[in-house]
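Here the protein sequences come in this chain order: A and B.
Quick note: the first sequence uses the UniProt record's numbering, first residue 1, plus one each step.
Quick note: the second sequence uses the UniProt record's numbering, first residue 1, plus one each step.
Number of protein chains: 2
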Amino acid sequence: MGIVVQKYGGSSVADATSVKRVAQRVVATKKAGHDVVVVVSAMGDTTDDLIDLANQVSPLPPARELDMLLTAGERISMAVLAMAIGNLGQEARSFTGSQAGVITDSEHGRAKIIDVTPGRIETALAEGAIAIVAGFQGVSQTTKDITTLGRGGSDTTAVALAAALGADVCEIYTDVDGIFTADPRIVPTARQIPRISYEEMLEMAANGAKILHLRCVEYARRNDMPIHVRSSFSDKIGTWVVRSEDVILEGQPMEQAIISGVAHDRSESKITVVGVPDQVGFAAAILQALADAQINIDMVVQNVSAAATSLTDISFTLPRADGQTAMTALARLKDEVGYEKLLYDDSVGKVSIIGAGMRSEPGITAKFFRALADADINIAMISTSEIRISVVVAESQVDAAVNAAHTAFDLGTDEVEAVVYGGTGR
Amino acid sequence: MGIVVQKYGGSSVADATSVKRVAQRVVATKKAGHDVVVVVSAMGDTTDDLIDLANQVSPLPPARELDMLLTAGERISMAVLAMAIGNLGQEARSFTGSQAGVITDSEHGRAKIIDVTPGRIETALAEGAIAIVAGFQGVSQTTKDITTLGRGGSDTTAVALAAALGADVCEIYTDVDGIFTADPRIVPTARQIPRISYEEMLEMAANGAKILHLRCVEYARRNDMPIHVRSSFSDKIGTWVVRSEDVILEGQPMEQAIISGVAHDRSESKITVVGVPDQVGFAAAILQALADAQINIDMVVQNVSAAATSLTDISFTLPRADGQTAMTALARLKDEVGYEKLLYDDSVGKVSIIGAGMRSEPGITAKFFRALADADINIAMISTSEIRISVVVAESQVDAAVNAAHTAFDLGTDEVEAVVYGGTGR
């Protein structure tokens, strides 16, 4: 049999009891005949505790040292997991990101993986051992300093290692059964998705589905590495994230569902710059000011100008965490651009329908908007991609909008899934 | 100015406040014009907490993984100290044992330093940065695995780095002002020793003085690296540990004191094998059985046999922690050796007088024993080296014996030192 890479998040290894449960699952996989590589996050709240400690000695800790500090978290969890596996009679060897050959650039706190040279992992597997690898961390190619990969880092480590090792699958363990057609806390009839394409999963992740991080899915797509998202609390088959041509399962209807799922995101806010002169260069100046402030904006809408005034409004969404920074950057532009005023709205939400099938199916937009209209939901902004339609609505109407879309596209089951939807740690 | 290596133990970096205080001392040394390398232990009880965690998942954690786990402790303290120094406006870079070039053998949990290749430290110093190095850890030359050096490891790291870097001095910071002529908790008039030779310090450390670990002093002697033991709570000059020819300070009487200090040790117990046939090979069989059980014995005394019976008693001292193992090993020998019985006594203590001056001074032993006799203290065992005389006495008489020796050799001051004698972490 081949190589299986398994990734366990912080909540799966939160304490000794959880670590022992993970150890049993790992050993069971090994006994089933696979070579097993395990990627772990730091235990429970370790990372937050370490950040607290850093803030106690320095208001703005140097990024290099913060990385050195935070990587202690995975060092602890991986060694403890290796011990727990050893106690079950299987040899396990733990490896830091550097030892596992996770080579990155030098951007501390958000390093990108440049190369993976897992020679020591291959040796460990060849010698019959289970390899435990610290997620979230690597070593800089140029400075040889310890780096961290930022949010979603451990998932990315797992996929990158799986690709470099030529693994059969990268299993991402979490506290839910897989990817759902919508958040089951909002839509009780939401259905687990058996298979989804990388492209659809990317849109889901980019638009609020929190189970997998964008970077990890991108890496998997580029390397054609199947991801199996499943629960660390059960043996159920979860959701496979695969190439679009592999999505259709034998025995299923030959036509793929038009819409795969409904995602939502409450982490954004909306800024409107009111009364911008409708002239070349003013919109660009506004977007440049935001870019200079390192703010990633999501959707942008420029209204048609009122003919009488030649003034227009520009609205955009951005992460709520960046709201203050953005307002400050824009306020500095007031004299230059001569806009009228700024409006800030953090009571918005984004609802997206995602499905590869909409490429070839006309009328999806109309059907989505009619469902929202029938539910008395007002659309503030719209953006689309080839396989996604997103709308911004009032935050108070997000749940209703998700349910309306879910029902309109007939995504639900008759049963109510008894799961809690949540994060995966980092 | 030259390079100064400073080592701070776990109690000196126990929390954010302590770390900030250490940072100020480090920066002050840098501002005085020195290149500064700092070696740190894990914060406070971190190491014990990690050991507890390991024991929760495995009764006998694999040594490789225990080392991986424990080294997380220094990773945390060094990164936090680097941040605190950065916050004072000086650049500090932290380095793991591996990054600092501490190359060891592969004996996990008690690795020996084979080589030190501190290229990255030298680069950091050349670039004007302060280098922070994780104590207690290194990397195996052959397996490239992370290793720990065992007890006293951080002190040894500091001395080894100081030697490899050609430092002017290795400063060991602790919670007392230096090395004293006796434990001031027992002898209120004990005096701080300004200078002591490596050889005397070795005897002090080997016979119960806990401030410096044997290995670190041995390493310093082999490499002629002066150690300055001093308090992290004051700016007082502490005790310099130097070559014997450098002990005599200018302006001091030309003759060195005959006795430098009195050490004591309550960590040993005594086993007596009663009624051993006084024949060739039986004593050897007993000692071999103990060696096979990995027990280091300290003093051994074989009584003259009673002529009538041709039976003898063999007594030896050993660490109390090994008492049970030793008794079990000896019990297995009963039929082979045919001894009468085993006596176990863990209410003993060892008192030693140490001084290079006793080499050329007759009558020291007599004076020591007379002082003990005058204090009604019975001597159970005796051992000597060229510069040390040790006696085993009842544990209840250790304090009286230390005071008797201290007074007899006129070691005290008129003042009472207001210090608390304690350990230095690891």
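From the three backbone atoms N, C-alpha and C, an ideal C-beta is built for every residue, glycine too.
Just so it is clear, the structure is predicted and the values come from calculations on it, not from any experiment.
Contact set between residue i and chain A, taken where Cβ atoms lie within less than 7 Å
i        : result
Lys20(B) : Val57
Ser94(B) : Glu65, Met68
Met83(B) : Ala54, Val57, Ser58, Pro61, Pro62, Glu65
Assigned exposure category for residue i - 16 Cβ within 10 Å defines buried
i         : result
Tyr344(A) : exposed
Ala124(B) : buried
Ile248(B) : exposed
Ala404(B) : buried
Met254(B) : Annotation note: pLDDT 47 at Met254(B) (below 50); position unreliable, coordinate value reported separately. Looking at its Cβ environment, which holds fewer than 16 other Cβ atoms inside 10 Å, Met254(B) is exposed.
Asn296(B) : exposed
Val280(B) : exposed
Met327(A) : exposed
Gln6(A)   : buried
Thr117(A) : exposed
Ile237(A) : exposed
Thr181(A) : buried
Lys367(A) : buried
Arg185(B) : exposed
Lys341(A) : exposed
Gln294(B) : exposed
Glu417(B) : Confidence is the limiting factor: at Glu417(B) the pLDDT is only 44, short of 50, which leaves the residue's position unreliable, though a coordinate-based value still follows. Looking at its Cβ environment, which holds 16 or more other Cβ atoms inside 10 Å, Glu417(B) is buried.
Test: residue i CB closer than 8 Å to a CB of chain A
i         : result
Ile76(B)  : yes
Leu125(B) : no
Val80(B)  : yes
Ala16(B)  : yes
Gly86(B)  : yes
Ala28(B)  : no
Within chain B, the residues that residue i reaches when beta carbons sit closer than 7 Å
i         : result
Arg320(A) : Going along chain B, no residue has its Cβ under 7 Å from Arg320(A), so there is no contact; the nearest lies around 28 Å.
Nearest neighbour of residue i, chosen from the options [CA to CA]
i         : options                                    : result
Gly338(B) : Gly355(B), Gly275(B), Gly363(B)            : Gly275(B)
Val133(A) : Leu411(B), Met68(B), Arg359(B)             : Met68(B)
Val4(A)   : His34(A), Arg25(A), Gly10(A)               : His34(A)
Ala380(A) : Thr407(A), Met43(A), Val393(A), Ala371(A)  : Val393(A)
Ser98(A)  : Thr142(A), Ala167(A), Leu60(A), Asp48(A)   : Thr142(A)
Gly89(A)  : Gly363(A), Phe233(A), Lys30(A)             : Lys30(A)
Ile146(B) : Arg75(B), Ile259(B), Phe409(B)             : Arg75(B)
Val155(B) : Asp168(B), Thr272(B), Thr174(B), Lys144(B) : The question names Val, yet the displayed sequence has Asp at residue 155(B). Residue Thr174(B) is the option with its Cα nearest to Asp155(B).
Leu161(A) : Glu122(A), Asp45(A), Val187(A)             : Glu122(A)
Ser315(A) : Val348(A), Asp335(A), Met204(A)            : Val348(A)
Gly128(B) : Val36(B), Thr239(B), Ser232(B), Leu66(B)   : Val36(B)
Asp115(A) : Thr96(A), Leu318(A), Ser140(A)             : Ser140(A)
Leu372(A) : Val351(A), Ala356(A), Gly357(A), Pro362(A) : Val351(A)
Ala82(B)  : Val57(B), Val40(B), Arg120(B)              : Val40(B)
Ala263(B) : Ser244(B), Val398(B), Ala331(B)            : Val398(B)
is_contact[residue i, chain B] using C-beta, thresh 8 Å
i         : result
Lys65(A)  : Note on identity: in this sequence residue 65(A) is Glu, with Lys being the wrong assignment. It does: the Cβ of Glu65(A) has a partner Cβ on chain B nearer than 8 Å.
Ala331(A) : no
Gly89(A)  : no
Met204(A) : no
Met254(A) : Residue confidence is low: Met254(A) scores 48 on pLDDT, short of 50, so the model does not pin down where it sits. No coordinate-derived value is stated.
Thr71(A)  : yes
Gly425(A) : Residue placement at Gly425(A) is flagged as unreliable, the pLDDT there being 36, under the threshold of 50; the coordinate-derived value follows with that caveat. Chain B, which has no Cβ nearer than 8 Å to the Cβ of Gly425(A), makes this no.
Neighbouring residues, chain E, relative to residue i (Cβ below 9 Å)
i        : result
Leu50(A) : No chain E appears in the structure shown, which is made up of the protein chains A and B.
- Task: Note down, in chain order, all residues in the segment 163-188 of chain B with a beta-carbon under 9 Å from any beta-carbon belonging to chain A.
- Result: So nothing in the stretch comes that close.
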